[in-house]
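A short worksheet on the structure shown next.
Residue numbers (the numbering used here): 50 to 309.
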């Protein structure tokens, strides 16, 4: 038995799955997974072998890999990269299984969600994409000293760096810090490099944000002037402003006052 190791991105796991077809008696393993304390196997690192060499050997033995030329292949790789960020540990087996199904059937077969693996894979991708989308929309950045923007995020999956990169593109001349209380992490950009840290005191950081917040009252005044009691639509408001996001928003007090 040999183990084929791969990293958590699409090109690496694709090479690993193809290698597993070429080499008998193999086992796939993501590098982020813990080693088995009872058994040790010889290992092959898929990242150390070029895609070109693996594709060539696969074609010689099994024929053309049709979905490499599929117009949806780039999107499929994006889905894989997003699914790797899911919080559940079974994502590795799921991604491996979806790739095997695409080899046995077709890429369209998987993307059409025609199997249990295909449907679950899409749900994982969609959950991660939704997590990124929601945090980009509900995160409120507060201006601090020294051109620093600081905000709170509330991620369900491993998406903090994607959210930070979004704000870096929007505010390229500012240092940015995002505090994720759920993950007990802080994501930083200091105009030169990106870093992740575990703050000693997230509550203290949140307090500093509140003490330096000169914009909340302006937001409250704005929302009060826009609110029309006769047109209250709680169901619609809760759809667009889910309660689990309220504490990360300037609008929190306003929403609690009018919707609870």
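The beta carbon of each residue, even a glycine, is placed where N, CA and C say it ideally should be.
Determine the closest residue to residue 227 out of 145, 195, 76 and 185, with distance taken between C-alpha atoms.
185
Proximal residues to residue 92 (C-beta, below 6 Å), its chain only, five neighbours per side dropped
52 and 54
Specify whether the stretch 97-117 and the stretch 178-198 touch according to this definition: at least 3 beta carbon pairs, one from each stretch, less than 8 Å apart.
no
Please name the residue in 99, 177 and 83 whose C-alpha comes closest to that of residue 207.
177
Select from 84, 212 and 127 the residue whose C-alpha is nearest the C-alpha of residue 190.
212
In whole angstroms, what separates the C-alpha of residue 130 from that of residue 195?
35 Å
Using beta-carbon positions only, say whether residue 69 and residue 126 come within less than 8 Å of one another.
no
Alpha-carbon spacing of residue 77 relative to residue 84, whole angstroms
12 Å
Rounded distance between the beta-carbons of residue 141 and residue 82, thought under 8 Å
7 Å
Cα-Cα separation between residue 168 and residue 132, rounded to whole angstroms:
12 Å
I'd like the list of long-range same chain contacts for residue 161, defined as Cβ closer than 8 Å, with 5 residues on each side in sequence excluded.
167
Relative to the alpha-carbon of residue 61, which residue among 240, 148, 220 and 222 has its alpha-carbon at the smallest distance?
148
May I ask which residues mark the beginning and end of the beta strand (DSSP E) holding residue 157?
That residue, residue 157, is in no beta strand (DSSP E); its alpha helix (DSSP H) goes 156-160.
Is it buried or exposed for residue 150, if we count other Cβ within 10 angstroms and need 16 for buried?
buried
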